[in-house]
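Line by line, the protein sequences give chains U, D and F.
According to our numbering, the residues represented by the first sequence are 606 to 1130, in order.
According to our numbering, the residues represented by the second sequence are -15 to 275, in order.
According to our numbering, the residues represented by the third sequence are 6 to 372, in order.
Note that CB positions come from ideal geometry on N, CA and C, so glycine has one too.
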Amino acid sequence: MRVRTLAACGAAIIATGALAACGGGSSSSKSGSTGDSLVVESSFNLKTSDPGRMFEPTGLLIDRAMYDTLLTFANGDMTKPVPDLATSYTASPDAKTYTFTLRQDAKFSDGTPVTSADVVFSLNRVANLKGNPSFLLAGLTASAPDPHTVVLTSATPNPAVPFIVPNPALGILNSKAVKAAGGTDGADADKTDKAESALNSKSEGSGPYLLSSYNAASEVVLTRNPTYWGTKPHYGKIVLRNVASNVQKLDVLKGESQIAVDLSPAQAQGMSGVNIVNGASPNLFFVFTNNSPKVSAATSNPDFQEAVRYGLDYAGLLQLAGTGSVQAAGVIPSMFLGSLPASDAVQRDLPRAKAALAKSGLGHPTVSLAYPSDLQVNGLNFGDLAARIKQNLADVGITVNLAPAPTQTALDSYRNGKEQLGLWYWGPDYPDPSDYLAFLPGQTVGLRANWAKGADPDLEAMGTQAQATTDNSARKDLYQQIQRSLNTASPFMPLIQPAQILVSAKSLTGVHSNALWELDLSDVS
Amino acid sequence: MTAVLADRAARRAERSAARSPWRQPLAVIGLAVVLAWLVVAIFAPLLAPQDPIAQQNPLFVHPGAQHWFGTDELGRDVLSRVLYGARISMPLAALLVTASMIIGGVLGGIAGLLGGKVDAIVMRLADLVFAFPGIILAMAVTAALGPQLRNAVIAVVVVSWPAYARLVRGLVLSARTSHYVLSSRLLGASSLRTLFVDIRPNVAGPVLVMAALDMGNAILLLSGLSFLGLGAQPPTAEWGAMVAAGAVNFDKWWISLFPGLAILTVVLAFNFVGDTLRDALDPRTARAIRT
Amino acid sequence: MTPGVAEPGIVPAGDPGPAEVTADRGRHADLVRFLGRRVGIGAILVVGTTLVAFLLTQLVPGDPAAANLGQRAISDPAAVQAFRQQNGLDKPLPVQYAIYLGHLLRGNLGTSQQSHRPVSTDLSEYVPATVELALFAIVISLLLGVVFGVLAAVTRDRWPDQVLRVVSLAGVSMPTFWIALVAFYVVFFKLGWVPGGGRLEPGQAPPGHITGLYTVDAALHGQWDLLGSVLQHLVLPGLVLAVYTIGMLLRFTRASVLEVLGNDYVRAARAKGLPEWLVIRRHVLRPALVGIITVAGVAFGSLLSGTVLVENIYSWPGIGQYAFRSATNLDLPAIMGVSLVVAIVYIALNIAVDVLYGVIDPRIRLS
């Protein structure tokens, strides 16, 4: 083979005159790594950079750098929203009215000052586009009593608002420019707004970076915004490239890039000469057992559910997930308010699991475990976890048939509540425990396990109460209580939060991961 | 005319005496490797040191005395998985080549013999399949049916039958006009009888050679689909899927190197055999198969 | 799989068909009639492929809305309805297909659900990337395949032939996806002979758009530095793809040349005392070229789809990755667009090959 390759290379030289290609020694100049520009590699999940339509990881990453939000999270701390475009905010005691005061010196990239009208336009547009991020504003109304004040009112108490508004999907757009490009915030925006393609070629924000070029398949280039009101970012140009995670590793080791976003713990293991930021991600992997006897007599049996809960080898799964991952003590990720301490996590108890299975009277049941076969979250493969779960439950006496399907097919059966056992994950929509009420009976995720309204009235009552409570310590207690109840009797078994890893060149500082948008590009220096 | 025929026959006899395919070193090597892999496939449970799906070892162990081919990302023994992989690739490749051969052969034979509308329909169908590149159509079919090994096999059959149909049709067309077939038909033999008794012997040789050559391609395409995640699903020990799993970690090269070599050796062996057999055919027929 | 050549490109064994000597007269009329018929059949085939693609995607047990909407939006009836309306999924299937065909007639391929752009815009970006890669591979393959194929034929059964035989069979036996990994790791990472993946350096601006093929565009604009960079990025994935086709063309060239070498006129040329290279070039290669070009055309088609196994590792933003992404996102218009383009390229290639066939060898009647 070697001889052939050399021969082929020789012919390639003749054919193309590309002497440098086979010239040996080092490859060409690395335009990316020198001086003023930064190369970041990620495995793209990018559909658009229009904040109103965007809700994919790569979109969040770049929109965070181009658009300011009312509040934001700094240095990866998701427990405390800090000022961004709003210098301060006040909340009414009933958690229904939030008043934001805007900073006066913020300008859009064309020099127009940012006003409350832009904020209201941007938020209304997100809501009316009826796209992926629209749910963030469900029940919220924005108004602008004066040019530098914005009021968000909610029909029901909503203590999560300060945690919702930092989402890059709620980035503030230059309303004049967007309207000129065919944008609208009208009620029929989903049919009449035409601004997306314009926003994919030129950003209309007030953030630290501008969109310089956009190719959803290969590369997005950002350049420094000269009119940015905040601290001038270090790099004049950031190139974000779409690269498979295994190649990202080679590139960052080789100096082709400076930051690799998507490495798995196994990939990051043993790398030297680079910095590794390694912390638990807020993504929750969990197993559910379908609560409907129509779907499965076994999985709907509470004793079976207990057998699964205590039959899973959490420590083994954690080892599989790699360094930096943590066991999920409850459904709420460890870095959010209301999460359970690690000591509350369920541990494997085989005798207890076997006893529960015996009590169920099911004998040695056979069930199928569905999971998305082509999906990776934080570099972790569902198939690997599923294979291990199959082995775990075999120890208990439960035969698991693996039922992998491509994500789109699997999602269909998952969202329609047809899976006997399911292995899925939940990513936070916003870093507030109220996002996890979705696991309660009759709610989004609960219904996927056919856990219908009224299945656990006490738990549901706690959920309603938690939603209306505004005091943080009372909220924390309530959410912990809810999770303990879920850990005692429910169709859900939280497994792990995989590690979120950022690998960067030794020379870089300011690389800290963020649970929502992976990292703050503008902080890197 | 008869002189030409006689001359041709003589030349063919001469060639086959001098170059019997089974005397060629490549064919012998190829056959030996194929047989070796067959033995591995049959006796995998005896040969493999471990259960191929048991996750019982430390993760990512380097190849060494303990594990000759190392262990993978779930702590499974790579050698055992490579050996068991033969049990998937070899029989499935044989199965799908046979299926494509039968489907394509029968359709092509009927098209060639009956001609007219039937011929047009079958061959346009074949064109339709050819208009799609194999792997893309196979991807679409497995996506539609669900990614499973069985569906990947179906997909490969769907894309590979037309080649046989073409070949058989061409052979039948030329045989149909030959003297002995014409005379047999004049004597009142039915179409089917003509096809099976008079034409089949002329067709069987080239088709079998094509099938031998196709075995390698079938293994490549099947493992390619598994590599893309559309064929074998975990924890099945399948070579293409193993290469994909190993590709995640370049520095754990042993996880994908060995299954890749397994594919290469099997396919190469089949091609050694097929290529030698093809050379033994007469050149015009060989040319029809060559592409 | 064994790629086929559409008739009448290949002469089936013993088929008394196309290889007949005809008078010069009527050749042009023949050509026009032939082209007309082939293009007509081609158009029907193209529509057929869109129907097949449409039906196949309908068979997929998944919901495009579920595949494209987020975990929250999917629970919101307003968002689901907006999605269906925007993408025309709220209409019955036959109507959807009819609407698609109607738009197609006007050159509108619909809007991709994953890129939110017209599919035609997506394709115009991704198709040239793949074509450039495949063209590079086929040029290399033709050069090496023909040169070494002739070498193998003239040294028949001696050691160079034996070695080349093993090498070419190894080429066609190599799993592309595997050799792509091995080559990338060794040549890029270990040896550092080529830059990493992608078509250009990070942040490097592509040449002005003329053909979409960066090599050609850079040359046309006289951007020689850029051309160098493009070629450096092209060389490794191109060679990886070529491994299979080099083997294939080498084998084919050898066989074709051997066939021609047996002819009387070659013996006559040799007897005249012409130097061997001249005999080969003038009397052997030219007739052998007919078949070689046919096979190269077929090989080019298979290269276009073979890139799907290579593009991911080389971060090549081509049609293979686009097809894969579209399939996993159930992006209907994109899937249809890809099938359409690929089918058109395939059919056009086959027609072109057949015409070339006639140009090179005037004895062949196009029928």
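By the CB criterion at 8 Å, valine 284 of chain F and alanine 293 of chain F fall outside the cutoff.
Residues of chain D with a Cβ closer than 7 Å to the Cβ of alanine 188 of chain F do not exist, since the nearest Cβ in that chain sits about 12 Å away.
Proximity of chain U to valine 346 of chain F at the Cβ level (cut-off 9 Å) is not reached, the minimal Cβ distance being about 16 Å. For serine 973 of chain U, the CB contacts under 6 Å within the same chain, skipping 5 residues up- and downstream, are Asn1006, Ala1008 and Gln1025 in chain order. Taking 7 Å as the upper bound on Cβ-Cβ separation, chain U lies near residues Ala231, Val232, Asn233 and Phe234 of the stretch 222 to 239 of chain D. Under the DSSP assignment, serine 748 of chain U falls in the beta strand (DSSP E) whose first and last residues are 745 to 751. Per DSSP, phenylalanine 234 of chain D lies in no beta strand (DSSP E) and is assigned neither H nor E.
Contacts with chain U (Cβ-Cβ distance below 9 Å) from the stretch 322 to 352 of chain F involve Pro322, Gly323, Gln326, Tyr327, Arg330, Ala332, Thr333, Asn334 and Leu335, listed in chain order. Contact residues of the stretch 56 to 82 of chain D toward chain U are Glu57 and Leu58 (C-beta to C-beta distance below 8 Å).
Residues of chain F whose Cβ lies closer than 9 Å to the Cβ of glutamate 1123 of chain U do not exist; the shortest such Cβ separation is about 17 Å. Contact check for serine 207 of chain D against glycine 230 of chain D fails: the beta carbons are separated by 8 Å or more. Interface annotation, arginine 122 of chain F: in contact with chain U, CB-CB separation under 8 Å. Annotation: serine 642 of chain U to asparagine 997 of chain U spans about 48 Å, alpha carbon to alpha carbon. Put simply, the stretch 769 to 788 of chain U touches the stretch 705 to 719 of chain U. At least three CB pairs are less than 8 Å apart.
When DSSP states are grouped into helix, strand and coil, isoleucine 881 of chain U belongs to the strand group.
The C-alpha of leucine 967 of chain U lies about 13 Å from the C-alpha of valine 913 of chain U.
Around the CB of arginine 108 of chain D, fewer than 16 other CB atoms lie within 10 Å, so the residue is classed as exposed. For secondary structure counted as the beta strand (DSSP E) over 3 or more consecutive residues, the stretch 309 to 333 of chain F holds no complete run. Listed in chain order, the non-local C-beta contacts of proline 752 of chain U below 6 Å within the same chain comprise Thr720 and Ser721, local neighbours out to five positions each way being set aside.
Within the same chain, Cβ atoms closer than 7 Å to the Cβ of leucine 1083 of chain U are found at Met1067, Gln1070, Ala1071 and Thr1074, the five residues on either side in sequence being excluded.
A direct Cα-to-Cα measurement between glycine 1047 of chain U and glycine 130 of chain D gives close to 30 Å. By the Cβ test, the stretch 781 to 788 of chain U is not in contact with the stretch 733 to 753 of chain U, since fewer than three Cβ pairs between them sit closer than 8 Å. Secondary structure note for lysine 959 of chain U: it is in no beta strand (DSSP E), and the uninterrupted alpha helix (DSSP H) holding it is 955 to 965.
Look at the stretch 33 to 52 of chain D: the residues with a C-beta under 9 Å from a C-beta of chain U are Ile37, Ala38, Gln39, Leu43 and Phe44. Annotated as proximal: valine 191 of chain D and tyrosine 148 of chain D, with beta-carbon spacing under 8 Å. Counting only runs that start and end inside the stretch 679 to 766 of chain U, the beta strand (DSSP E) elements of at least 3 residues fall at 691 to 696, 702 to 707, 745 to 751 and 754 to 759.
From the beta-carbon of proline 218 of chain D, the residues of chain U found nearer than 9 Å are Ser978, Asn986, Gly988, Asp989, Ala991, Ala992, Leu1007 and Pro1009.
Within the same chain, and ignoring the five residues on either side of isoleucine 79 of chain F in sequence, the residues whose Cβ sits closer than 8 Å to its Cβ are Ala70, Ala71 and Val85.
In summary, arginine 161 of chain F is exposed, with fewer than 16 beta-carbon neighbours lying within 10 Å of its beta-carbon over all protein chains present. Of U:Thr717, U:Asp699 and U:Tyr814, the smallest CA-CA separation from valine 766 of chain U is found for U:Asp699. What lysine 854 of chain U touches in chain D, judged by beta-carbon distance under 9 Å, is Asn233, Phe234 and Asp235, going in chain order. Taking 8 Å as the CB threshold, tryptophan 164 of chain F stays off the interface with chain D. Around the CB of proline 165 of chain F, fewer than 16 other CB atoms lie within 10 Å, so the residue is classed as exposed.
Glycine 841 of chain U is a Cβ neighbour of arginine 829 of chain U, given a cutoff of 8 Å. Aspartate 61 of chain D sits in a strand when the DSSP states are folded into three classes. Close partners of alanine 175 of chain F in chain D (Cβ separation under 9 Å): Leu248, Leu252 and Asn255.
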